[in-house]
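Contents: one structure, followed by commentary.
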Amino acid sequence: MPRQELKEETPVAVQPVEELLTVEFIPRDPDKTTKIGSKMKKDVRELVINCLRKNKDIFTWTPQDLEGIDPGVITHHLNLDPTIRPIKQKKRHFGPDQDKIIQGEVNKLLTAGHIREIQFPEWLSNVVLVPKPGGKWRMCIDFRDLNKACPKDY
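The C-terminal position of the sequence shown is numbered 154 in UniProt numbering, with every residue numbered one higher than the one before it.
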């Protein structure tokens with residue numbers, strides 16, 4: 001099998017083709033929203049919004065909403081370049097408030113069965129807390145070093 005060359009790519013800024021409107025599934029609940037295009041005719045937009053709200057029970061908002069779903073449906077296996085050595089990241093330190101947020105999010109994912117604890121991983125990626133517009137925090141994973149070791153799928 002020929003080896004692929006890994007190249008550093010310049011990130012491309014992607015912009016929406018039109019302004020997006022935020023739709024609340026439940027009125028005055030900013031945590032349960034989606035976005036739709038703003039260029040729809042008013043009657044079509046109302047039909048789309050009504051359809052979304054009528055079917056709001058099929059959307060998931062928390063990891064617990066996904067309980068019972070076979071992980072095989074959402075599991076992805078990475079194609080790693082074996083010539084790239086793992087990079088051990090420095091442990092990031094957070095304040096007590098942020099530690100509580102991270103522990104809460106991790107516990108939710110553990111309880112729902114979406115993550116599991118592993119010992120001595122080859123690849124380790126740190127968590128990053130990103131502020132959300134409502135003042136809450138979103139827990140993300142910093143995969144930059146791991147991404148460098150993954151050949152592009154295209």
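In this text, a Cβ means the ideal position worked out from N, Cα and C, and glycines have one as well.
Note to self: For P30 and R85, what's the separation of their Cα atoms in angstroms?
What the structure shows: Here the question's residue 30 lines up with position 30 in the sequence shown. Here the question's residue 85 lines up with position 85 in the sequence shown. Rounded to whole angstroms, P30 to R85 spans 43 Å at the Cα level.
Is it buried or exposed for C140, if we count other Cβ within 10 angstroms and need 16 for buried?
-> The residue given as residue 140 occupies position 140 in the sequence shown. Result: exposed.
| message | Pull the bridge partners of P151 from the DSSP assignment, please. | response | Mapped onto the sequence shown, residue 151 falls at position 151. Bridge partners of P151: none, in fact.
Notebook entry, point to check: So, are the CB atoms of P63 and K108 less than 8 Å apart?
Noted result: Position 63 of the sequence shown, counting from 1, holds the residue named residue 63. Position 108 of the sequence shown, counting from 1, holds the residue named residue 108. In contact: P63 and K108 (Cβ atoms closer than 8 Å).
### Message
Which residues does DSSP list as the beta-bridge partners of V140?
### Response
Residue numbering aside, residue 140 sits at position 140 when the sequence shown is read from its first letter. For the record, residue 140 in the displayed sequence is Cys; it is not Val. V128, per the DSSP bridge assignment.
Assuming I102 contacts F94 (C-beta within less than 8 Å), just tell me the rounded distance between them. Mapped onto the sequence shown, residue 102 falls at position 102. Mapped onto the sequence shown, residue 94 falls at position 94. The Cβ separation is near 7 Å, so the contact holds.
| 8 Å Cβ cutoff met for F25 and R53 | Against the sequence shown, residue 25 aligns to sequence position 25. Against the sequence shown, residue 53 aligns to sequence position 53. The beta carbons of F25 and R53 sit closer together than 8 Å.
**Request:** Report, in whole angstroms, the separation of the C-beta atoms of A112 and L66, which I expect to be a contact under 8 Å.
**Result:** Position 112 of the sequence shown, counting from 1, holds the residue named residue 112. Position 66 of the sequence shown, counting from 1, holds the residue named residue 66. Yes, they are in contact, since the Cβ atoms of A112 and L66 sit about 6 Å apart, within 8 Å.
Beta-carbon contacts of N126 that lie in its chain and below 7 Å, excluding the five residues immediately before and after: For this step, residue 126 is matched to residue 126 along the sequence shown. Answer for N126: Q89, R92, D142, listed in chain order.
Practice problem: Measure the alpha-carbon distance for V130 versus E105 and round it to whole angstroms. | Solution: Counting from one through the sequence shown, the residue named residue 130 turns up at place 130. Counting from one through the sequence shown, the residue named residue 105 turns up at place 105. Taking the straight line joining both Cα atoms gives about 13 Å.
Margin query: So, for S38: in the same chain, excluding its five sequence neighbours on each side, which residues have a beta-carbon less than 6 Å away from its beta-carbon?
Written below: Stepping through the sequence shown from its first residue, residue 38 is reached at position 38. Answer for S38: E18, E19, L21, listed in chain order.
Q. What whole-angstrom Cβ distance do D81 and P151 have, given they're in contact under 8 Å?
A. In the sequence shown, counting from the first residue as 1, residue 81 sits at position 81. In the sequence shown, counting from the first residue as 1, residue 151 sits at position 151. With a Cβ gap of about 6 Å, D81 and P151 count as contacting.
(Q) Let me check one thing: in DSSP terms, what residues is I36 bridge-paired to? (A) The sequence position of residue 36 within the sequence shown is 36, counting from 1. Answer by DSSP bridge pairing, in chain order: L21.
Exercise for review: Output the distance between the C-alpha atoms of K42 and C51, rounded to the nearest integer angstrom.
Suggested key: Taking the sequence shown and counting its residues from 1, the one referred to as residue 42 is at position 42. Taking the sequence shown and counting its residues from 1, the one referred to as residue 51 is at position 51. Taking C-alpha positions only, K42 is separated from C51 by approximately 14 Å.
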